[in-house]
Structures are given as structure tokens and as C-alpha cells.
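Residue numbers (the UniProt record's numbering), protein chains in the order written: chain A, 1 to 316; chain B, 1 to 245; chain C, 1 to 312; chain D, 1 to 536; chain E, 1 to 270. Note that the Cβ used here is the ideal one computed from N, Cα and C, for glycine as well.
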Amino acid sequence: MTALLEVRDLAVEYDSGERRVRALDGADLTVAAGETIGIVGESGSGKSTLGSAVGRLLPSTANRVTGDVWLAGERVFDLPPAGIRRLRRERLGFVFQDPIASLDPTMRVGKQLKLVLGSKGDPLSHLDRVRLANPGRVARMYPHQLSGGMAQRVALAIAMACQPRLLIADEPTAALDAQVREEVLEVVFSVAAEAGTSIVWLSHDLTAVARRCSRVAVMYGGRVVEDGPAADVLGQPAHPYTAALARSAPAMASLGDRLSPVPGRPPVLAEASHGCAFEPRCPYAEERCAKERPELHVVRTQEALCHRATELVTAS
Amino acid sequence: MILELDNVTVTFTAGPPFRREHVHAMRGVSLYVAEGETLGLVGESGSGKTTASRVALGLQRPTAGAVRFEGKPFPKRRRELAGHMQAVLQHPHWSLNPRMRVGASVAEPLAVLGEKAPDRVHEMLERVGLEAGLATRYPHELSGGQRQRVSIARALVTRPRFLVFDEAVSALDVSVQAQILNLIKDLQREFGFSALFISHDLGVVRYIADRIAVMRGGEVVETADTATFYTAPAHEYSKRLLEAL
Amino acid sequence: MRLALWWLGRAVSAAATLLGVSILIFAAVRMMPGGFAETILGPFATADQKAELADRYGLDQSVFVQYGHWLAAVARGDFGVSMISREPVVSELWARLPVTGQLTLFSVLIATLVGVPLGVLTAVRARRAAVGRLLSGLGVSVPEFVLGSLVVFLFSRYALGLPAGGYDNVRSLVLPSLVLSFFAISITARTTRDAVMGVLVEPYVTAAVARGESPWFIIRHHVLRNAAIPVVTLLATITAYLLGGALIVEYVFNLPGIGSYVVQAVGRRDYAVVQAGVLLAATVFIVLNLLVDLVVGLIDPRLGVTSKGRRA
Amino acid sequence: MRHRLLAVPLAAAVLVTSACSAQETSTTGGSTAKAGYVATVDDSLPAGGTLDVELPIDIGAATGLDPQLADVASSWQLMSLVYETLVTVGPDFAVQPALAASWENPSPTKYVFRLRDDVFFSNGRAMTADDVVGSLQRLLASQSVWRGQLGPVKSVTKVDDKTVDVELTTAYTPFLAALANVPAAVLPMKEINEKSVDVTKTMLGTGPFKVDSHRQDVSWAFGKNDKYWSDGEPRLDGVNVTIATEEAARVASLQSGKASVATLGNVDSKSMLAGASGVEVLSQATTDFYYLMLNTQVSGSKFADPRVRKAINIALDREQISSVALGGQGKPTGVTPTGLPGACDPAGLPSATAGAEEAKKLLAEAGATNLTFTLSIFSTAPAPAVAQVIQQNLEQVGITVKIEQMDEASWAGKVYGAVPATFDAALSWFAGYADAGMVTKWWNPDVAVFNKGFMKSDPALSSAIDKAVVLPAGDARTAALAEVCTKVDEDAQMLPLVTRPSTVAYRTDAASVGLYATEGYGNALRLIADFRKKSA
Amino acid sequence: MKDWLTRAGMVCLGLIVLVALASVVNLAGDPDEIVGPRLAPPGPGYWLGTDNLGRSMLPRIMEGIATTLLLSSVAVLVTAALSAVLGIVAGYRGGVVNELIMRLVEVLYSFPAIVLAILVAAVFGPGQLAALASIVLVTIPLMTRLVRAAAVGVAQRDYVTAAIISGARLPRILGRHLLPNVAGTIAVQVTYALSVGIAVEGGLSFLGFGVQPPQASLGVLIQQGTTYMTAAPWMITGPGVVFVVAVLAINVVGDGLRDRFEPRQARSLV
């Protein structure tokens, strides 16, 4: 089976003129057709850059240093401008964090859908598909008149309008209230499932992602440090960082227990990491962790970028 | 009782003259924070919890109802409360004046009271887990977690008896969030302040609060001990909130 | 209803502004050194003549009484009589309005038709930003009277086919409009560039790019409309500026417009004319701003006056 | 035609007494102008056509279009197209007949005017002696400044339909010259008395043109007065006058052919228009002159000490003011305007013969070695240039001058608005008129009350002035005028500086113009009835 | 800084300031002295020609730069100070105070700039003070509006709320928190106001209300130069070039400053 999406050794740097930041430091990711995968990471882990890179949506200050992205068999970074536009139009869908801001504030919802659909589509059916009540009324509304949940459904309808092969959802519920989150996620996943669209869901919430996705990839310091079936990654983390992340969520702690936070703070890389980016915060760090870039280790069902992955799992 | 809100209603007026619209941000809210306790206030956006925090801090006068601090009604002038209550606010990026050195930010509540105590600033910075040398830095040189630690140091430097945390950890990364939550708990044990902890994140509140109050549409729909609330929520809305957790 | 109330509010605030303008202009005119007597009657005038003139125009009363009378008259639509021509100020201004009006209108049109595309181009083609900045800087740095004098000189000496002075018909306004719009073009271009650049980083533009839309499609359907808001807002300011700038162009090209008329009236202490002229300019400015609010409301429903409170 | 025919014999007579006015001849448009002229009209050109003229300023005063109350030359110039006087002046300031065909002067205090019998107002009504008498009586009863210049008129009486008598209380030599200016014009008294014409709002005269339309500060359209008395005149069918405040605009109109004739203000117009083909620039001398006012009336005046004023007078380099500020086109003058018959020679005045050392000595004696004062000027060119040269002159003797430049209205307010006036020193110019004695009156503040705010009267000077105006033209009068010059020079409260040039430009392919070499009433259009239009 | 244009602008401004300083000590001679024939083309003793009074253009241009630069800088500093106070107070206090201040600003705004300048000149009497006041009044409305807009944003920041909670008094909040944080907006606007100031000064001189003779300013020189454009082109060339370069440089530096304070281009995808 050929993968729908393949990211190989992707390194991306931002250069603001004064400061260089290496957002991706050799990231690898494979997504099969029909798969739903959650990419979990804290801010600065590189997950958003990875999501943007898939659609070649990096700003002009971003510079791809190494690596490649294949989407549906095409090398994303080698396509001519028209080619990448066609690829985005036909294969990709994006849903962003702030749903209201991602809609043109000066245009009615129906018109915006119509622009995407062209002459053939019927906006109302698309609004109906994302389970918006009274699509006719919604179509006549302006984005600022929508609630966050409604706006995100509209954004989803637009993203899914052309039946993309892959939907990239970048923290789609971060700006929404708790109960609405579930409803929106429900719609996202079911609409994608109906269309046979793969989902890459970027999030900082390991638990939430694990609940919905079949696979979870954990990012840290610009690399995917652990990748495996959701239940396993959450239940039996192979990478010390994943474990620490899971532990630090207050919701996971039992009442009265003290949280065991990860000491220190996430790194901001200026250049390729010499060793493991998590080394300074890692309770299991050894001498080589600072010097050698960890290789991929297969541990049980997971793949992990950790020198000691195998021994630590065995030990536990 | 350190703080009591007694049947507080806050009504905002909006729109042109002659045809003002009245929006009830709080409707008959009664809450109290006891000595040494942390009250967690949860609710979705627009539920009125931010208005509640502003009322508690004396930044917003209630349209109706009474507020008592340490058993006495709020003084006419907000300044008389200076040093007795402080707040740690939401956004780490905006919580500190970007044009002020960290030390000056921490010292500000003291300066307002006419006190000068560089030692206390340095001591406070160390208490929140920062090096004293950070006092000469500017906020943009600090990480989000460090900034929120500075905010906590600033809030505690006058040793207030009451603190409001308004979404104080919501914008932090998960791994850093835990550090700050632990810090707050440690400091509360050490300084013995009471706190109103406002958050939309039930997980966080569960960890930090002794009691929980749930707001919806400007009203308090349920108040309960943390343990009781999380195991047996009484209100239908509370149940739905917990499902989403 | 809501709309009516909104307009009522705006009308009240516009009236307040106009009242402020009227007080300021009235005070300024009367604070000017060189009384009407020496100025209008000349040094040879006798005391009797001065007294007679003061009496005729009520200038012997206290300033407050004068202001009260004037305001009452203005409220009736009577702006007084020019001390020089002895004609009603209204008819004098009315006769000169077409020149200044057309001049300003043409200049705004030119500024929009040239400046907006220029701004969009320089915003999108960021690599040429330096050229755009230089061009727009040049527009701001050449004073109207220099450019105007140069154009007048060249076109009159070398008979380049366009009238370079005087007002016969609309053709007479071609060169003045071009000169006047020179500054406005660069300001418009720069504002458009800023606005477009601001819109280009909006999430909905990113979303459109992510959908695979082409740059020109995005500009046409999303950017222009949203970037229009600051540009339209600017146009009111620019029009007001051009009304002021028009006077220099009117001088250089010898056009019988309002600008040069009011300045001449200042020079002669022809109080009624100065007061009416400035009040007219202020009214135009305020009305323009009202129009801009209306247009902006049509463009951006969030700022609109019609859909307030229709939140679902 | 009329002017030149009469001018020739008179010119010869005047040349004897006139120092420099009539000697200039210049070559314009290929033809040599006659003595007393800088340009003469080409008689061979056919009549007809409408001439386009541009002027910098319109008639603009609260007194409206009433010629009797007009007190500035720019108004006289425009009004002269419509209004006429009993007599007029020739190229050398000799008085010539106009509405009066002839006059007698049976005694020094009596003038008898024989009116022409073919004069009509442009409404078709014939002019009568009643119009003349009424006009003069109206003038005498008015508050016009010209009432003073007209002299001690005792009575104006109608002798018969064609004869008018004027009696003076005492002899007054400038009487005819004063009568030759627009404020003394003959008005349609019948219509005025019937109130069918308001002369403040309309112009109705006997002149070569009548007003077809007027837009204040924009334009005038003059049409031909079909019943004009002078045969064949006006040669033009009409004159369109455009008001163009900016010099550049008038220059442009000349270059583009939009205007055929224009008056210019810049003394360098000739070199600036050198490259424009077909544009001829004429420099006309005038009797108008710049003068410096030193305020002696303000309390604590820096000029109370005559030695200080004298020192300033000495330090002023009138030749440099003329050559630098006026491009060499003005001439140093005493209080009697250089260019007028009988005027004194400024080079012979005490201040001209003393040197800088003398000035410094005077200042030292007066204890004013570090004198600093403010010179208030209006911004109209070339006044700022004159002021800056004055500043440089006075710096040579250690006086610091601060220049304060303002618009004319503010300047007028400062200089004439209060008694005593508050300024230190001020710069202005007077029209020099057509008789050497006329302008000297303004040096007596009891007569020229507008000067009272900054000038105290000097009885010796006042009596010298009074004496000069009474004496008939001749050596005695010349000597008396010279004495006035000297007294003014020594009094030095108002210091005459240099005459003010006037520039007239025209298109050689569109117009043929006539222009006196020297003008007394600031009227560049004096000969317009004879101007011709060339068709390109 | 990678931006060559901004750097070039700064170099130009630096040079102009140096020339202005040099003129203070009359490095190239007395600007008022009559040194040669009138309207003489460049030659020994007057390397940039002479003007209509026979004064050397070189020292006059240098003096003109100094005058104009000083005048517009002082004026713009006054504007900045007034706008800062008005804008911050209006933005922070809101309500009636805001309404009053903004109405006042609106009144000034609705006066045509040149008419405003002329009235000021007429009231104050012409001279540096009038020019200064005119520039201030012409530039104040826009700057106050923008400062207010910025202040409204800053007033909502958490650190301001924290200061209020700590009991800080108004002067402290305005001075320590709002002012430093709207300073960027003010700095950017100052550069634009500077170029407006120079233009207003030029316009006033054109109408005869500007600085007093014999003092030279760029406005005065350009106005005279324009008059003598054909007879003595050197009278307009020097001042004209300096004027264009100065305004251009100020604008370019202003753009550069703004791009620094509000970088946006970097994130654009189109």
C-alpha cells in the first residue's frame, strides 16, 4: 500500500533576520489512506509547521532545509505554483484554530461556499452535511453572526467541499467551549469518514486525541518522537516525553495527588539538535543523549526516537 | 469569610441612547471564599465568570447586591484595598508590561504602597522558582511559564490575604501548566492566602480547588466540594460539563 | 429604527463638531490682527467711515452678541454678505463651488484609479516594495506649488496642448487635477499597500490559499473588499486634504475656486466669507465621514449600522 | 491719437525742467517709441477685436466701485476704463484736456472749464455741466482722501450748460493734476440723484468702455462705449480683464497666449520671460516710491532722538536698494518723486552726501550704538527684498534690524490700527501722483491724519510744504520743493527711498500697446482706448 | 538591518543633520551677506550660484536645512507630547473625557490644513511661532487619533489591570504603563508628521506667512526658487533636491520603523 502522505526527514527553519528558529528538525510521518492520526505537541514542537508544510503553506520567512513531503504520490515541494494549487484544491482540506477568523468577514456564508463550489454545487446541501440546523438561514449570515461551533462547521463544510483525500485540522476546537468541542469533533470525524478522507489532527491534548484517533504521533523539538496506536501511546508510552506529558495533565491525576510536572521548558532550536532535544528535561538522560541524535526504535506497537526506549520499556 | 458576594447582579447597558439594551452578566450570584480556601469557578465563555472576578476584585461595581471583604463592605475607593488583594491574570504575553523590567513589575505593588524593598522582590522571585538575576530582564526574554511565575511573584509580594487567578494557566503548555499549578499549591500552603480560581478547564480546577462553583448564563447553578462535585454532580449542566472532560 | 437612531446620534455629534468649528473660526477671525477697518477701508479712511462700516456689519457689538446673531442667521441659512463684493456669501461660494468641487472630485478619482492598483501591486509583489516606497515617498515630497508652477510653466511656454491656467471648461481642470492628485496618489497607494498587506496575513486568506485558490482570485474576492475599509476611510481624509490643497493649485492655475477665495477673504478680513468658507469645508468633511461610515458598513457587516445586534 | 498729438509740443517745454522722465526711448516690437513713451501704438493696425488683459488684483474695498472713494492705484486703473475726468495728464505730466475741451485760469484762485459738447454716458445720456458740478460737490462733501488733494476748493458753480467755474480760497498749483485722477471723475449725477444707479455697485461713466459683466476677483468684461466722444476710439471692441493673483499664472497666460497684456510684479520679469517668443516686457517708471517709517510716537521710541533717525537715513544706500532689491529699475528719490517736473535731486540731499562715519558718530552721540529694532513689512514682493537690503545697509553702521513680515491686512492693522502705533519701523510705498507737491502733503500728519500714530508734525516742514503747493510752477517752486526735500531728509520720520518700477508685458503677435515712460497714478492701461489688437 | 532602503534613508538624514549643524557656525559663509551679482550662475565665491539679492545659495541652503529641520522637529515633538497626553487620556478613560477630546480633535481635523495654518499665522502674526503652531495643529488630529487607538488596546492589557488591582494611581498607570507602550505608535507617526511639518512650512512660506526674512528655510528657498525657475534654475535645484531627499528619507525611515514595530509582510502567503 502506498501511503497517502509521507513526510521524510523534513527540516524547516524560520529566519526573521535577527533570529533563526528551527521549527522542524528532521520530522518523519506517514499517513495511510483513510487513517485518522492525531499529532500531539506543545507550542513550539513543530506540529503547526508540519501541518502547513503538507500544503506547502509555509510563510516566506520559512526555509525548507532538508526533506520532502509526498502527498498522493506527488512531491509537494517540487510542484509548480499551478500544480500545488491543484493539489490543495483536489486533495487537501484545512481547518484552522479560529473558525470565525478563517471566514471572510465581509461575505455571507453561502457566498463563500459558492465561491469554493463553483457553479455546480449547492451550498445548502453542504451546510446540511455538517449538520447545521436551518442551512438556509446560516447561508445568509455573516461570519460574525455565527457562534464558534457553527463557524467551525461552516469552515469544515468549505474544507470538505471538494472531497479531499486528506483533512488537516490544526487545533480545530481550541477556541471552542468544552461541550461544543465534542459536537464539532463528532461532525469532523463522521463527515471525514463518510467521504473516506484521512484526518491529521494537530492538538496539544493527548487524551482528547487518543480518544478519537486510531494513531497518535507525539512531536517534540521539531521531530515526531513517538508514533503508534492511540491506546498504546496513551496507555504505555514508549518515549519519556510522552509519559511525562501524560502524567502532567491535571485531569489525569487522582484527587489529592500532587502533579509530577516535567521540569524545565520546551526547547527553541536555533540549529539541528546534536542529541535528543528532550535530554535536558529527561529523568532518564544519559551522556549519549546529549551528543547523539536518537534513532528510531520500535517498541511494541510504537516507534520512538529515544536511545533508551527499549530498555526503559523493559524496565517498567 | 474573606470574601462574600451576596445576591450580586451586574447589568451592562449597551447600544444608543433612548434604546439601551440591558445585558445581565451576573444575576443574583451568591458566593463566598472562606479563610485559606480556594474556590474554583468554572463555566463556559459568556457565563459571567470574568465579571464575577472583576466584582471580586472591586473593578466592577455590582448593579445590585453586596460584596464584603474580610467581613466589611467594599470601601468607596478601590485604592484602600491595595496590597490586600491581588490577581494573576490570563495571558502570559500581556500580563507583564513589556517596557518594564521584571524586577520593576514585581516591585510595583510595593511602590504603589510607597514601600521600597528590593530584597523582598528578589526573595519573592526566588520563592516562585526564578533566579533573582532575572529581575533586570525584560518580559520578552522570558518564556510563558517564567512570565506567569513573575505574575505570581508580583501578586504575592504584598502578602495579600486574597488572590484571584483568572484563567492563570490556560494559555500555558501542558508540561509547564503542571509546574505552575504545583507552585500555586505550594505557595498557598506557605502564605496561607485564600483564592478564587477561575478557569474553563475542569481538570485544572479539580486539581487546585477545595470547592467548585459552576456558572452558566450569569447564574451559579451549583456549588459543591470538589470531591462531591466530581463524583456526584447535582446539576444537569455540571454533568454535561464533566462528560466533556 | 436602529438605523434612524444611529443617524440621530451621528447627526448630534456632527452638529457638536460644527458648533465647535463655528466657535473656533469665529474666535480666530476676530483674533486676527489688522482690523476690518484698516484693511477694508484702507489707511486713508476716516473715523466716521470706520464707524459706519462697523455699524453696517454689526461689528461694534460685543463678540458674543455678534456670534449669537451670526449663529441665528446661519440657522436660517443666511451666511451674511461679503464686505467686498456686497453679495450674499452663499451665492459667492455657490458660484465658485463647481471649480473646487470638480477639481477635488477629479483628483480623488485619479488618486483612486491610480493609487489603489499601485498599492495592490506593491503589496503583492513584495520584492518591489522598495520601488513602491520610493515612488510613494516622492509623491509626498514634491510640494504642490513646485509641481504646479513647473507644470504651468512648461505647458504654457511649450504649448503642450492642455490649458495651463484660467477656467473655461472641464479641460482647464485636467492639469490642476493631475497636480493635485500627485500627493493623493502616493498616500492612497501607501494606504492600500498597508491595508492589503494587513489583509494578506488574515486567517481567511491563509484558508483561501490552503484551498488552492490563485493569488488573483484571492485578491479579487477576499482582499480587495476587506482592504477597502481603511482605503475608503482614507478617501474622506484625503478629500478634505485636497479641498485644502486645492487652494494652492487654484492660485497657481488661477482657478476661481473656493480655496483661493477664502484665503483672499482671510487677507481682507472679510469675516463672513471666511466663516462661511471654513464652515462649508468642515461640513463637507463631516458629511464625507458620515458617508464613509455608511460605505464601510456596507462593506463590512461587523461595522455596519444595519445589522447591529443581529447576532444569532 | 489725442494724447500724442497734444503731447509733442508740450513735451519739448517740459523737457527743460524735467530731470529724467522724458528722455528714455526704447525699442519695442521693431518700432521706436516716441519721447515720453516706452511703447507707442502701431497706427497702421485696424481697429476692432477684444483684448485679453490680466491683472493681479481686482477693485476690492468696502466702499465698492465708487470712484470718489477709491484710494488705491489698482482701483483707479480699472475704473479709468469707464470713468473720465475733466483733464488728464500727458506723457510728461503736462495737464491735457479731456472732458473739458479747454480751461482758463484767470486768477491763481479761479478756474473756468469749457466742457466738450459731445460727451455721453454709456447709457446714452449726454453729460451736462450739472453732472460735473454735482460730481465735484459730491466729492467735496465726501470723506474721500482725494478731497484733500483737490486743494482748498471754495465753490464749484455752473455758469452755463457748457461752463463750470471752480474757485479756490488760495492758490493751489497741483489743482489740475489732482483733477486728472479717477476720484475726480465725472459721475452720472442725474441717475445718482434719481437713485437709479448705485455707483458703489455699478459703474456708469463717459469713458471708452462700459461694464458688460463682473465677477469679483475673477474677471471683468468691458464693451465699447458706442457714443464715446473721441473719434475712432476706443479702437477695441472690448476688453476682457482676468484677475490672476499669482504672478506665475499671469506669466503663463502671456506665454500661452491666453492673455495679450498683463501687469507683472517681479522686477526680473524680463529675464524670466526672455525665452518666451513673442512676449515683450516693458519696464515703466512710476512716481510711486518706497519709504521707511520710523515710529517716534510710541512710548520709549528708539527714534525719538533725531540723530538716530538721521544716522539711519545716512546709512541707507538707496543706490543699492534700487540695484539689488529692484533689479536696477527704481531710482533714489527725495520726498518729491523722482521723475516729476520740479522734483529735487536726491543726490544733493544731506543724507546722501554724508558717509557711514558720520552715521556712526551720530549714533554714538545719541548713545544708540547697539541699536536693534524691528522692521514691519508686508509680504508682497518686492517689499521683502527692499527690507533685506535695508537690513544689510544698517548692519554696516552697527544697527540690527529684525524683519517682521506679514500679510497686508495685519501690517495695516499694526501700522494704522492704533494711536500711538506700536511698531518700531515699517516699510511701505505711496503713489507719487502727477505733481511733485502732492505727495509731500502726507508728511504733515495734521493733514495726513493716518500718519498721526507714529509721526509728530514738524511746523517748519509743514509750512515749507504749504508754501510749495501755492507757488506756481517755476524756479521758485523748484527751490521751495527742494527745501521740502531737505527738511524731510532732516526730519527723517518718514524716509523716502526709491521709486517703485512697474512692469507691463504684452504679446507682440496679439497686441499693440502704448505706455508712458513714467506714470503718476499707477495706471498701466491709461492709453487703452488707443490699444490695437493684432490677429495672429 | 537587512533593509537597505531604510539604512540609506538614515544615512541621508544623518548627512542632512550634519549639514544643518555646519550651518550653525556659518561654515560656508554668512547666508545673509550680499556677495555677488544678482542671479549669478554657480561660480567662484558662490559655488551654487546667487539668489535675487546676490546672496550665495550654498550657505542659504545650509541655513534653510537647519531652520526647517529645527522648526519641524520642535513642532513635531510638541505634537507628539500633546497627542500622547490627549490620546492616552482619551483612550484610557473613555466615556465623556474621550468624547470631549475626540470632538476637539474632530473640530481641528475638519479645518482644511492650509486654512488652519493661515488662520494661525494671522492670529499669531507670521514667524517661527506661527509656523510651529500651524504644524502642531495640522499634525495633532491624526496622531491623537492613532495614539488613542493604540491606548485603547493597551488599556485592556492584563498588566494595566494588574496595576489597577495593586492600587496604582492614574499618573502611574498612564506614565509607566500606557505611555511606554504607545511610544512605538508615536515614534512611527513622528516621522510622518515630520514630513507633513516640512510640507506645511513650505506651504506657509508660499503664502508669505513662514519664517521671517532674511532667514532661509527650505520652504522659503523653494518658494523663491520656483519664482525664478527660468531665470535662475540654480535657485530651485539645490533646495528642491534637499527637500525631496529629506522628505523621502524621513518617509522611508518611517516605513522601516513601522515594519519593525508591526512586521506583517513576513507572514504573508500570497
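Proximal residues to residue i (C-beta, below 6 Å), its chain only, five neighbours per side dropped
| i | result |
| --- | --- |
| residue 329 of chain D | 267, 283, 501 |
| residue 88 of chain B | 151, 152, 155, 165, 168 |
| residue 76 of chain A | 56, 69 |
| residue 101 of chain D | 114, 116 |
| residue 134 of chain D | 189 |
| residue 52 of chain A | 58 |
Minimum C-alpha distance to residue i - residue among the options
| i | options | result |
| --- | --- | --- |
| residue 143 of chain A | A:99, A:157, A:156, A:180 | A:99 |
| residue 151 of chain A | A:163, A:164, A:180 | A:180 |
| residue 68 of chain E | E:112, E:142, E:199, E:14 | E:199 |
| residue 323 of chain D | D:302, D:389, D:297, D:379 | D:389 |
| residue 186 of chain B | B:208, B:28, B:234 | B:208 |
| residue 483 of chain D | D:277, D:437, D:238 | D:437 |
Bridge-paired residues (DSSP) for residue i
| i | result |
| --- | --- |
| residue 68 of chain A | A:8 |
| residue 370 of chain D | Per DSSP, none; premise fails for residue 370 of chain D. |
| residue 429 of chain D | D:290 |
| residue 524 of chain D | None; residue 524 of chain D has no bridge partner. |
| residue 533 of chain D | D:511 |
Own chain residues within Cβ distance below 7 Å of residue i, not counting five before or after
| i | result |
| --- | --- |
| residue 30 of chain D | Interpretation of residue 30 of chain D is limited by its pLDDT of 44, a score under 50 that renders its predicted location unreliable; the figure taken from the coordinates is listed afterwards. Hits under 7 Å: none found. |
| residue 151 of chain E | 87, 88, 91, 92, 178, 182 |
| residue 19 of chain E | 62, 65 |
8 Å CB neighbourhood of residue i in its chain, flanking five on each side removed
| i | result |
| --- | --- |
| residue 35 of chain B | 1, 2, 194 |
| residue 97 of chain A | 170, 171, 172, 174, 175 |
Neighbouring residues, chain H, relative to residue i (Cβ below 9 Å)
| i | result |
| --- | --- |
| residue 181 of chain E | Here the protein chains are A, B, C, D and E, and chain H is not one of them. |
**Sequence ranges, alpha helix (DSSP H) only - wholly within the stretch 117-198 of chain C, length at least 4** = Secondary structure within the stretch 117-198 of chain C: the alpha helix (DSSP H) runs of 4 or more consecutive residues, fully enclosed, are 129-141, 144-157 (chain order).
**Request:** Could you run through the stretch 280-300 of chain C and flag, in chain order, every residue whose CB is less than 9 Å away from some CB of chain E?
**Result:** Of all residues in the stretch 280-300 of chain C, only 281, 282, 283, 284, 285, 286, 289 place a beta-carbon less than 9 Å from a beta-carbon of chain E.
**Asked** Residue ranges of each beta strand (DSSP E) run of no fewer than 3 residues wholly in the stretch 247-272 of chain A, ordered along the chain?
**Response** Here no run is fully enclosed.
**Request:** Name, going along the chain, the residues of the stretch 223-255 of chain E whose beta-carbon falls closer than 9 Å to a beta-carbon of chain D.
**Result:** Shown in chain order are the members of the stretch 223-255 of chain E whose Cβ falls below 9 Å from a Cβ of chain D: 226, 227, 228, 229, 230, 231, 232.
**Near-chain A residues of the stretch 198-231 of chain C (beta-carbon distance less than 9 Å), N- to C-terminal order** = Correct list: 201, 202, 203, 204, 205, 206, 207, 208, 209, 210, 211, 212, 213, 214, 215, 217, 221, 222, 225, 226, 228, 229.
**Request:** For the stretch 211-245 of chain D, list the beta strand (DSSP E) runs that are entirely contained and at least 3 residues long, ordered along the chain.
**Result:** Whole beta strand (DSSP E) segments, 3+ residues: 219-224, 238-243.
**Request:** For the stretch 30-52 of chain B, enumerate the residues whose C-beta is nearer than 8 Å to any C-beta of chain A, in chain order.
**Result:** Residues 44, 45.
**Request:** Starting from the N-terminal side, write out each stretch of the alpha helix (DSSP H) that is 4 residues or longer and does not extend beyond the stretch 21-97 of chain A.
**Result:** Those alpha helix (DSSP H) runs which fall completely within the stretch 21-97 of chain A and span 4+ residues are 47-54, 81-91.
**Segments assigned alpha helix (DSSP H), at least 4 residues, entirely inside the stretch 264-345 of chain D** = Counting only runs of 4 or more, we get 269-272, 306-315.
**Item:** In chain order, each alpha helix (DSSP H) run of at least 4 residues that lies wholly inside the stretch 106-144 of chain D
**Value:** As far as the stretch 106-144 of chain D is concerned, its whole alpha helix (DSSP H) runs of at least 4 residues are 129-141.
**Contiguous alpha helix (DSSP H) assignments of at least 4 residues, all confined to the stretch 173-220 of chain E** = Segments of the alpha helix (DSSP H) lying fully in the stretch 173-220 of chain E: 179-206.
**Message:** At a CB distance below 7 Å, what residues from the stretch 101-133 of chain A approach chain C? Give them in sequence order.
**Reply:** Correct list: 101, 102, 103, 104, 105, 106, 115, 116.
**Within the stretch 371-422 of chain D, ranges of the alpha helix (DSSP H) (whole runs, at least 4 residues)** = Counting only runs of at least 4 residues, the stretch 371-422 of chain D fully encloses the following alpha helix (DSSP H) elements, listed from N- to C-terminal order: 383-395, 408-416.
**Prompt:** Listed in chain order, which residues of the stretch 151-165 of chain E have Cβ atoms closer than 7 Å to some Cβ of chain B?
**Reply:** For chain B, the residues of the stretch 151-165 of chain E that bring a beta carbon within less than 7 Å of one of its beta carbons are 157, 158, 159, 161, 162, 163, 164, 165, in chain order.
**Message:** Ignoring anything shorter than 3 residues, give me the beta strand (DSSP E) runs that lie fully in the stretch 55-129 of chain B, in order along the chain.
**Reply:** Within the stretch 55-129 of chain B, the complete beta strand (DSSP E) segments of 3 residues or longer fall at 64-69, 85-88, listed in chain order.
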